[in-house]
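When we follow the numbering used here, the leftmost residue of the sequence shown carries the number 288, and every step to the right adds one.
Don't be surprised by glycine CBs; every beta carbon is placed ideally from N, CA and C.
The structure displayed is predicted, hence computed values, not measured ones.
I have placed the structure first, in the form of structure tokens, so that the comments after it can refer back to it.
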Amino acid sequence: MSGVKNVFVIVLENHDWSAFKGSSRAPYLNRTLLPQASHAEQYYNPPGIHPSLPNYLWIEAGTNFGVTNDNDPSSNHQSTTSHLISELAKAGVSWKTYQEDISGTICPLTGVNKYAPKHNPFIYFDDVTDANDPNSAVCINHVRPFAELANDLKTGAIPQYAFLTPNLCNAGHDTCAPQNDPVGQSDDWLSTIVPMILNSKAYQNGGAIFITWDEGELADGPIGLILLSPYAKGGGYSNSIYYNHGSLLRTIEEIFGVALLRDAANQADLSDLFGSAPVLTAGSAANGATYLPGGLVPGSWAVVKGANLSNTTRIWAASDFSGLGDRLPVNLGGVEVNVNNLPAAVYYISAAQINFQVPAGISGTASMQVFVNGVASNTITGETANSAPGIFPVVVNGTNYPAAVFLDGTYVGDPSIGPSFRNARPGEVVVLFATGLAPSPAGVLSSVIGVSGVTVAIGNVTTAADFAGLVAPGEFQINFTVPQQFASMAAGPYPISIQVNGVSSPASINTIPPGPIVIPIQP
């Protein structure tokens, strides 16, 4: 539930879940909402709590205050300030309720048209109505006509907590022409209102819509609850956990970080309906070869680490490049990385790590954020550099060998690894692969870009590179000849590093366990 910033609650009327789920009378709910939402199969009104008003009070305060009828606030008003919107106001969380069929010029303490006070819990609290004053400014400012919802969504004036009440026809309470079908009436209303919310910035930037019913038809339900949110598991997910209105109240309180009121403290929250938002580990943005923090060179490879970063583990495949031309994929399995709000090419994804290409032109301290199927992570920062060379490692049994080959195609490494590996010999040409030597363009390369002044240090011996250049996106190739001095030196693994523009690759990299990159040489 972390990340939810805006909550919309829609309460419909007097139906069991079985009246809607699977019903041909509710095509929008069944064919559109449920396939994309999460929902609760065993959501009830609180045990024995009827009729409508006591349930609305429960959603607002975790109790019915002993109220067992639907009378107006004149006889059922409450003096307590211990209820949800009071707690939200103290926490600086904005709220409004949008009620169909009210004028907005007075506090609607009595029924008008198809508006029923019993479906508006807020006007039953004296701190909202100034003790049943129809001219209460607090009430008039917060209890608004439903017609204002569309413009508030469009202009960004929507509050953080919005409670939406249809009139008696659209809520499914009354049988109304022309449909004369309460289930169909509610479904049609949802098909108009929900898309309007889904298309708003308030929803797309951290919204959650909860749709439920106030009470069962002849008993306590189940009455069902539907959750739509970028943070929901969605995809038709459902559970059979027992919930009631105390669960909805608890969830809203947890989202906004306010105290749990009365029955909310006793009920399970709705967190199972939500997915786990991606979380980036602070300080994890690192060079893609050395895994050391910082060293983010534009155009080179980098990593970030965290949790819930992907639902799968893979590298990019040919299919990921379909239709991209000379561009690299910036969405891999629903995973995206933004660096200073610029999309980054993504090469590797897993639950705990993402490898990405630093966008060209980035400088200074860069901010990074991950999106998984549209769900945003926290933001972390990392330091960029003009040069931070790192040799890609091949880690075998705790030893870091360089990502390197000989001209005959065999790999550099201890022969005990396998028949494709062998030691280097004096006079042989070795081809190293690295990242971070210099800023480079993003995307597919049209030609090799040379880099001058590169040297290679092996132990205490330094030699100039025969060739150095950018040969693939973010990937530099360095060719060098193993110096003849090693013909008279002992066989063994020697630490290897590269230098460019006065900057050297590190003596030790952050592999598990940390250590140097070594090249095995035999005389």
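Check: Environment of residue 414 [buried if 16+ CB atoms lie within 10 Å]; Outcome: buried
Check: In DSSP terms, what residue 766 is bridged to; Outcome: 718 and 754
Check: Buried versus exposed call for residue 548 [16 or more other C-beta atoms within 10 Å across all chains shown]; Outcome: buried
Check: Whether residue 297 touches residue 498 by CB criterion (8 Å); Outcome: yes
Check: Best match in 323, 654 and 626 for proximity to residue 517 [C-alpha to C-alpha]; Outcome: 323
Check: Bridge partner(s) assigned by DSSP for residue 470; Outcome: Residue 470 is not bridged to any residue.
Check: As assigned by DSSP and simplified to three states, the class of residue 385; Outcome: strand
Check: Residue 309 versus residue 474: straight-line alpha-carbon distance, rounded; Outcome: 12 Å
Check: Burial state of residue 399 (16 or more Cβ within 10 Å); Outcome: exposed
Check: Among 448, 471 and 656, nearest to residue 379 - alpha-carbon criterion; Outcome: 448
Check: Strand pairing of residue 308, partner residues [DSSP]; Outcome: Residue 308 pairs with nothing; no bridge assigned.
Check: Segment contact, 8 Å Cβ cut-off, at least three pairs: the stretch 421-436 with the stretch 384-396; Outcome: yes
Check: Candidates 291, 595 and 677, of which the one nearest residue 493 by Cα; Outcome: 291
Check: Residue 533, DSSP secondary structure in three states; Outcome: helix
Check: Per DSSP, cross-strand counterpart(s) of residue 709; Outcome: 699
Check: Separation of residue 705 from residue 733, as counted between CA atoms; Outcome: 36 Å
Check: Cβ pair count under 8 Å reaching 3, the stretch 298-318 against the stretch 581-590; Outcome: no
Check: Alpha-carbon spacing of residue 505 relative to residue 357, whole angstroms; Outcome: 17 Å
Check: Whole-number beta carbon distance between residue 722 and residue 763, since they are thought to touch under 8 Å; Outcome: 6 Å
Check: Candidates 402, 645 and 299, of which the one nearest residue 477 by Cα; Outcome: 299
Check: Expected contact under 8 Å - CB spacing of residue 744 and residue 786 to nearest Å; Outcome: 7 Å
Check: First through last residue of the beta strand (DSSP E) which encompasses residue 491; Outcome: Note, residue 491: premise wrong, no beta strand (DSSP E); alpha helix (DSSP H) at 488-491.
Check: Neighbourhood of residue 451 by C-beta, 6 Å cutoff - its chain only, sequence neighbours within 5 removed; Outcome: 297 and 385
Check: Stretch-stretch touch, CB-based, cutoff 8 Å, three pairs: the stretch 616-636 with the stretch 699-713; Outcome: no
Check: Member of 361, 446 and 759 whose CA lies at the smallest distance from the CA of residue 405; Outcome: 361
Check: Proximity below 8 Å, CB of residue 541 to CB of residue 559; Outcome: no
Check: Segment contact flag, the stretch 562-571 with the stretch 600-607, C-beta cutoff 8 Å, min 3 pairs; Outcome: no
Check: Spatially closest choice to residue 293 from 487, 632 and 809, by CA coordinates; Outcome: 487
Check: Beta-carbon proximity of residue 561 to residue 375, cut-off 8 Å; Outcome: no
Check: Beta-carbon proximity check, residue 512 vs residue 326, cutoff 8 Å; Outcome: yes
Check: Enclosing alpha helix (DSSP H) for residue 632 [first to last residue]; Outcome: Note, residue 632: premise wrong, no alpha helix (DSSP H); not H, not E.
Check: Cβ-Cβ distance between residue 700 and residue 717 below 8 Å; Outcome: no
Check: Nearest to residue 752 (by Cα), restricted to the options 760, 758, 739 and 761; Outcome: 739
Check: Counted within 10 angstroms of its Cβ, other Cβ atoms place residue 453 as buried (16 or more) or exposed; Outcome: buried
Check: Backbone secondary structure at residue 786 - three-state DSSP; Outcome: strand
Check: Reduced DSSP secondary structure (H/G/I, E/B, other) of residue 438; Outcome: helix
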